[in-house]
Each structure stands twice: as structure tokens, then as C-alpha cells.
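Under the UniProt record's numbering, the first residue of the sequence shown is numbered 1, with each subsequent residue one higher.
Glycine included, every Cβ here is placed at the ideal spot set by N, Cα and C.
All figures in this text were calculated on a predicted structure; none of them were measured in a lab.
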Amino acid sequence: MHNILLTGVNGQVGFELRRSLQGLGHVHATDREQLDLCDPAAIRDMVRALKPTLIVNPAAYTAVDKAETDQAAADAINATAPAILAEEAKRLGIPLIHYSTDYVYSGEGSAPWRETDPVAPTNVYGASKLAGEEAIRASGCQHLILRTSWVYGAHGKNFLLTMLKLGRERDALNIVADQIGAPTWSRSIADITAHIVAARPDWQAVSGIYHLVNGGETSWHGFAEAIFKLAAARGEKVPASLSGIATEAYPTPAKRPKNSRLTLDKLRDTFGLVPPSWDTALELCLDEVPPVIQGQ
Ligand SMILES: NC(=O)C1=CN([C@@H]2O[C@H](COP(=O)(O)OP(=O)(O)OC[C@H]3O[C@@H](n4cnc5c(N)ncnc54)[C@H](OP(=O)(O)O)[C@@H]3O)[C@@H](O)[C@H]2O)C=CC1
Ligand SMILES: Cc1cn([C@H]2C[C@H](O)[C@@H](COP(=O)(O)OP(=O)(O)O[C@H]3O[C@@H](C)C(=O)[C@@H](O)[C@H]3O)O2)c(=O)[nH]c1=O
Ligand SMILES: [Mg+2]
């Protein structure tokens, strides 16, 4: 029976982890009020009082554009907090499961990234997440760093829910078509995390970085097309026009990688786990988002 310390329970992945980790032990789920990750002493006190057998840390500073002008906060939550969790995990001799991002890669080229490829983040958020990864590795604790991408779900702030809302409000949408990656359902991330824990791996032997995304690839424009196809089929209003545009035509404070393709070979070869394709996951997720039909 595990005694699991879970952070960021109100986030997309944290919300699903609370559900997926049940049955593996007691889940001590914390939100920002119960455990403020900007407070290193609070993190240490919490871990030392709870004496968990596993720490799972999906909490993060995820506002990519805001991070460009808010680096101190991004670093505190994405780099310093994981460093302290890792130090405490090392002291207790327990594993830490942490989440990272496709935004650690440069985005150059078109070949799918492998976990061993060089990293070169192009924005503050990506750099802060990379610093978190490095601190965990340097701590020497048993760890899984699960790099995911383009996370969405029925809860929280994400591209799926933004598209459904904009689709109701606007007749025309322009969406970037030259950033390629895998939209990933928060539930897929949580379920696969739970499968790994349930398999009781030799944590020392499996410690390292793994990609964990839904299968296949598309652009944000392709993702939006799939969302509106499914939304239209259930009677929701969708935009009359959906255009694919170049990244340069959608200026944002943070630079985003164009190539976010991530191979899943290591996850499959190590744990025998193969996440569903992104379009299958999207259909399953939409089943849980109630349709908004105007005039009803
Ligand atoms: N979202 C995405 O598209 C992607 C996410 N990832 C990574 O996956 C993981 C999960 O992301 P996701 O679930 O989408 O993130 P969310 O932004 O949905 O959730 C993050 C959670 O972290 C919490 N948090 C932020 N600051 C603090 C703090 N100081 N103390 C305690 N809690 C805090 C937030 O709390 P509050 O609700 O109070 O703000 C929120 O509940 C993260 O590591 C992220 O970097 C990787 C690739 C893509
Ligand atoms: C709303 C909107 C977005 N876009 C583009 C901007 C961007 O390139 C893409 C996605 O927009 P978002 O604001 O969701 O992007 P963003 O929040 O940067 O998403 C990223 O979040 C972090 C936390 C990660 O780790 C990444 O994997 C990735 O999911 O769509 C349009 O082209 N048109 C639009 O109308
Ligand atoms: Mg976002």
C-alpha cells in the first residue's frame, strides 16, 4: 500500500491523478492552499510530516506567455519546488514522479525527438521546466520524468475548451498549422502513470526521462478541425471558417517549437505501455464534456 503525496490536485493532470491513483494506496491530494510550492519550508514540512512512499508532482507554472515576464515565479514552481521534492525523496529513499514538456526541445527539424536528444528550450517556461528536470536528476533520487505535450481535458484551461468556446462565439478562426505535436488527454497521462506504479517497477533501474503523449501527430489546426468535426456531429455551433496559418501570423510573447513530435518507444519498451492515439483520446474525452447547444 502506497502513501502518496500528490501536488496540484486542481490542475488538469492532478485532477485525473487523484482518480487514477486510487486503489494504489492512500492519496494525500494537495492544492495550492494546502501546499504552496513557492514555499520551500512548507514543502519540507509536508513531506517530513506525511512520510510518503511516493511523491507525484503534476503542479506547475503553465502560463507559457506570462512566464516570459514572470520568470521568478516560473522558476520557483517549475525548478526550485521539484528540486526540494527530489531532495526530500532522496532522504526518504522513495520515488518522485514528475511531469515535463515538449517545450524543452528546440523544435527544429521534423524527426521525432528521442529522450536522449539534446534539449534547447526556446522560452522561459521551457527553460524553467528543464531546470526542474536537471535538479531532479542531480538529486540522485529515484525518479520518473514524464515529458508530455499539448495537454487538454474536460476540466481546466486548455485548447479543447478554448476552441469549443471560440467556436460558439466566432464565425471564423485562424489556427497555426505549422507546429506539429500530439494533443494529449490528461486522463491518458494519469492512467498510464497509475499503470506504471501498479506494476511495482524497480524504481532505481527505471529512473529517467520518458515521453508520455497520446499517439500520432497533428498541428494545432488539425486538432481544432478534429474538435469541430466532433462538436458539429453532436449539434454544437462551430465556426463557418477554420483557416490554417503560419506561426508568424499569430504573434505571441513566447516562441513555441514547430517540431514537438515525441517518440514513445522507450515507454513501450520499458513498461509495455502504449497510449491511445490522440484522435481516439479526443473522442473519449468529449464524451465527458457536455455539449452546449444554442437555443435549447
Ligand atoms: N498544460 C499543458 O499543455 C502541458 C503541461 N505539461 C506539464 O504537465 C504537468 C501538468 O500540467 P497541467 O495539469 O496541464 O497544468 P495546470 O496548469 O492545469 O495545473 C497546474 C496546477 O499547479 C498548481 N500550482 C501552480 N502554482 C502552484 C503553487 N505555487 N503551489 C501549489 N500548486 C501550484 C495550480 O494551482 P492553481 O489551480 O491554484 O493555479 C494548478 O492546479 C505540468 O508539469 C506541466 O508543466 C507538459 C506539457 C503540456
Ligand atoms: C487560441 C488560439 C491559439 N492558437 C495557437 C497558439 C499556440 O501556438 C497554439 C496553442 O495555444 P495554447 O495557448 O494552448 O498554447 P500553450 O499554452 O503554449 O500550450 C503549451 O502549454 C505548455 C504548458 C506546454 O507544455 C506545451 O506542451 C503546450 O501545450 O495555438 C492559434 O493559432 N489561434 C487561436 O485562436
Ligand atoms: Mg496553455
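- Under the three-state reduction of DSSP, Arg19 is assigned to helix.
- Contact between the stretch 52-63 and the stretch 7-27 is present: three or more C-beta pairs spanning the two stretches fall below 8 Å.
- In the displayed model, Ser186 falls within a helix according to three-state DSSP.
- When the Cα atoms are used, Ser149 and Glu115 turn out to be separated by approximately 14 Å.
- Rounded to whole angstroms, the separation of the alpha carbons of Leu286 and Ala233 is 12 Å.
- Secondary structure remark: continuous alpha helix (DSSP H) runs of at least 4 residues inside the stretch 98-183, in chain order: 124-139 and 159-169.
- In the DSSP secondary-structure assignment, Val27 is bridged to Ile4.
- Annotation for Ile209: no alpha helix (DSSP H) segment contains it, though the beta strand (DSSP E) segment containing it runs Gly208 to His211.
- With respect to the 8 Å criterion, Thr53 and His98 are not classified as neighbours on the basis of their beta carbons.
- Short note on Phe159: C-beta closer than 7 Å to some heavy atom of ligand 2.
- Ile192 carries a helical assignment under DSSP once its states are collapsed to helix, strand and coil.
- Ligand 1 never approaches Trp113 closely enough for any of its heavy atoms to be under 7 Å from the residue's Cβ.
- Between ligand 1 and Ala231, a heavy atom-to-CB distance of less than 7 Å is absent.
- For Thr218, the secondary structure class from DSSP, reduced to helix, strand or coil, is strand.
- Shown here, Asn10 sits in coil according to DSSP, grouped into three states, outside any helix or strand.
- Residue state for Ile84 is assigned as helix, using DSSP reduced to three classes.
- With a threshold of 7 Å, the Cβ atom of Thr122 does not count as near ligand 1, since no heavy atom of the ligand is closer than that.
- Excluding its 5 nearest sequence neighbours in each direction, Phe228 has C-beta neighbours in its own chain below 8 Å: Met163, Gly167, Val238, Pro239 and Leu242, listed in chain order.
- Nearest to Tyr103 by alpha-carbon distance, out of Leu85, Trp113 and Gln204, is Trp113.
- Contact between Arg256 and Thr247 holds: CB atoms are separated by about 7 Å, below the 8 Å threshold.
- Residue pairing of Asn259 in beta bridges, as defined by DSSP: Ile180.
- Note that the stretch 172-186 does not touch the stretch 35-47; fewer than 3 beta-carbon pairs, one per stretch, sit closer than 8 Å.
- Ile245 places its beta carbon less than 8 Å from that of Asn174.
- The alpha-carbon of Ala249 is positioned some 44 Å away from that of Ala42.
- The stretch 274-284 and the stretch 182-201 touch, with no fewer than 3 CB-CB distances between them shorter than 8 Å.
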